[in-house]
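Counting in this note's numbering, the sequence shown tops out at residue 450, every number present. Beta carbons: idealized from backbone N, C-alpha and C, even for Gly. Being a predicted model, the structure only gives us computed values, none of them experimental. Only one structure is covered here, and it is reproduced in the block below.
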Amino acid sequence: MFNLDFNGMIPKNMENRGKIVLNDNLNEIEQLFEHRKVPKKGLSDDKIKLLLRILSYMDTDKDPKGIRIGEREARIISKLQEELVGGFCHGVGRSGNLIDPQPKAPGASIMYYLTNTLLKNFLKNLGLGVEAISVPVSTGMSLSLCLNGCRKMYNTNSVIYPYAAHKSPIKGVSLTGMPMRLVETVLDGDEVYVDVGDIEDAIKKELSNNNNPCVLSTLTFFPPRRSDDIVEIGKLCEEYDIPHIINGAYAIQNEYYLNKLKKGFKYRIDSVVSSSDKNLLTPIGGGIIYSKNKDFLKEVSYSYPGRACATPIVNILISLLSIGMEKYKNMMNKQKNSRKLLHKLLTNLANKIDSKVLNVENPISECISVEGNSLEIAGKLYNMRITGPRGVLGNDKFGTCYLYKYPYNYIVINASIGVKEDDIINAVNKLESLLIDR
């Protein structure tokens with residue numbers, strides 16, 4: 013990578029010995045560009061910093077002889093700002109296309125290309141043979157980009173939304189300006205779900221009104237809302253030739269969701285959106301959009317207005333390089349064990365207080381029914397320095413995803429990737445102390 017001339021500075025045997033160390037340290041970076049795959053074992057922070065520094069030194073704002081007279085020349089007031097963007101002050105993309113190389117930022121353009129290439133390889137290692145792009149916005153905005161892609165590629169002008177009480181996708185639809193047709197949920201035991209037949213009825217109504225609809229389905233959400241049947245929805249979308257976008261915010265971290273996606277991609281799925289922070293443990297602000305259709309991803313990237321901040325992209329790259337595939341798969345296994353632990357602890361608690369763990373199929377989260385005001389209980393947990401539990405009242409039509417009265421007030425607790433078992437144990441113990449005292 014570096015052709016440095018050390019000749020005559022130190023004894024030759026020492027020079028050769030030093031070059032062996034230097035070359036071995038640079039080898040992982042060279043291998044990364046040669047193979048363009050997520051490493052089996054993660055890279056050290058020092059090597060990731062070196063990679064970012066090498067690439068950022070290719071951008072024109074680092075040119076020691078450059079003459080910069082444009083209105084946007086990556087002029088910054090503080091080195092702290094440069095550090096926050098990994099050195100890529102020019103950002104990524106061009107005003108007309110997020111994934112286009114930026115002439116003022118050759119290094120950032122390579123960084124972005126590498127990130128997307130590694131994402132594709134990462135998903136392939138998890139069993140999904142898809143194209144992928146990283147985007148500098150979170151789930152709701154990413155869904156909005158996908159819906160705009162539908163509008164541009166398929167003349168979509170309305171969105172069918174099987175009801176899930178998630179403000180981000182609802183606002184994402186609103187941002188596109190397209191009208192939304194909600195499909196109501198029904199109750200099946202403890203589970204709330206949307207009947208596929210009702211989705212088909214909604215499709216027929218939209219088509220009869222001379223609209224070009226798409227379906228925005230939900231794969232991952234809090235219980236008691238069950239995952240949408242993305243396979244059957246995909247079949248419907250294939251039959252009626254309409255786009256199908258999936259909100260899979262934390263789908264990547266668990267084989268349950270990955271297996272559903274593998275089956276779903278046999279039918280009509282135009283794109284899936286997942287969150288970088290929920291799956292790759294980055295700071296909030298990045299999205300992962302993946303699809304079998306490379307042309308559709310291009311349309312999605314065309315929908316992004318303006319150049320983009322590099323920080324969320326850099327964070328995704330850092331996570332992929334730092335975790336490595338072996339550690340990520342180990343973390344997935346730990347997540348499954350954490351979910352089993354959560355179920356065991358909540359079941360024991362339910363037996364103590366004559367309550368129940370709601371019977372809802374969800375590989376990440378659990379619900380326990382509670383007497384009294386679940387919102388107040390969740391608030392007390394927050395004041396006890398526990399973040400994450402969600403309290404929902406049975407008559408909260410938004411919180412339950414059910415437009416009638418749900419049978420229980422309940423608390424939702426998650427066991428997502430990266431959670432510590434001690435935190436699960438302590439959270440349930442604190443919850444027990446509140447419920448027993450009542």
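Asked	Found
Residue range of the alpha helix (DSSP H) that N109 falls in?	No alpha helix (DSSP H) contains N109, which DSSP labels as neither H nor E.
Look up P7 in the DSSP assignment and give the residues it is bridged to.	For residue 7 there is no data in the structure shown, the boundaries of the chain being 13 and 450.
Compare the beta carbon distance of Y302 and G105 with 9 Å and say whether it is the shorter of the two.	no
In the structure shown, what three-state DSSP assignment does A320 receive?	strand
Using 10 angstroms around the beta-carbon of D366, count the other beta-carbons present and answer buried if the total reaches 16, otherwise exposed.	exposed
Quick check on the DSSP output: what are the complete beta strand (DSSP E) runs of length 3 or more inside the region 357-386, in order along the chain?	377-382
In terms of residue numbering, what span does the alpha helix (DSSP H) encompassing A214 cover?	V208 to S220
Hey, could you find the ends of the alpha helix (DSSP H) C158 is sitting in?	T151 to Y166
In chain order, what residues of the same chain lie with their CB nearer than 7 Å to the CB of P12, ignoring the 5 residues before and after it?	One cannot answer for residue 12 here, as it falls past the ends of the chain, which runs 13 to 450.
Can you give me the Cβ contacts of V198 inside the same chain, cut-off strictly under 7 Å, excluding the 5 residues immediately before and after it?	Y205 and D207
Let me check understanding here. Comparing Cα to Cα, which of K179, S121 and S90 lies closest to M70?	S121
Can you list, in chain order, the stretches of the beta strand (DSSP E) that have 3 or more residues and sit fully within the region 287-321?	299-303
Measure the Cβ-Cβ separation of N259 and T294 and say whether it is below 9 Å.	no
Just how far apart, CA to CA, sit I182 and K77?	49 Å
Could you name the residues of the same chain whose beta carbon sits closer than 8 Å to that of K274, not counting the 5 residues immediately before and after it, in chain order?	G139 and L140
My understanding is that P255 touches I172, with C-beta atoms under 8 Å, so please give their C-beta distance in whole angstroms.	The pair is not a contact, with the Cβ atoms about 10 Å apart (cut-off 8 Å).
Consult DSSP for V104 and reduce its assignment to one of helix, strand or coil.	strand
Should the region 339-359 be called in touch with the region 381-397, which here means at least 3 C-beta pairs below 8 Å?	no
Kindly list the residues whose CB is nearer than 8 Å to the CB of S291, restricted to its own chain and excluding five residues on each side of it in sequence; keep chain order.	Per the sequence presented here, residue 291 reads as Asn, with Ser not at that position. Closer than 8 Å at the Cβ level, and outside the excluded window around N291, lie Y262, A263, I264, Q265, I300 and I429.
Beta strand (DSSP E) containing D200: first to last residue?	V198 to D200
Closest to R193 by C-alpha separation, out of I215, D200, L187 and H178, would be which residue?	I215
Look up S229 in the DSSP assignment and give the residues it is bridged to.	I258
Is DSSP giving Y173 helix, strand or coil here?	strand
Measure from the alpha carbon of L38 to the alpha carbon of each residue in H102, L55, D253 and L135, then state which is nearest.	L55
Tell me the DSSP secondary structure of E85 in three-state form.	coil
So for G403, helix, strand or coil by DSSP?	strand
Check each candidate in R84, N109 and G99 and name the one with the smallest Cα separation from E311.	N109
Give the DSSP-derived three-state secondary structure of S146 in the structure shown.	strand
What does a CB cutoff of less than 6 Å around P191 pick up in its chain, not counting 5 residues either side in sequence?	S170
Buried or exposed: which applies to V33, given that a residue is buried once 16 or more other Cβ atoms fall within 10 Å of its Cβ?	exposed
May I ask you to list the residues that DSSP assigns as paired with V326?	Per DSSP, none; premise fails for V326.
Provide the residue(s) that pair with V195 in DSSP beta bridges, ordered along the chain.	P174
What separation, rounded to the nearest whole angstrom, lies between the Cα atoms of K91 and L332?	25 Å
Touch check for the region 333-340 and the region 55-66: three-plus C-beta pairs under 8 Å?	yes
Count the other C-beta atoms from every protein chain shown that fall within 10 angstroms of the C-beta of M26, then say buried if there are 16 or more, exposed otherwise.	exposed
Tell me the DSSP secondary structure of I425 in three-state form.	strand
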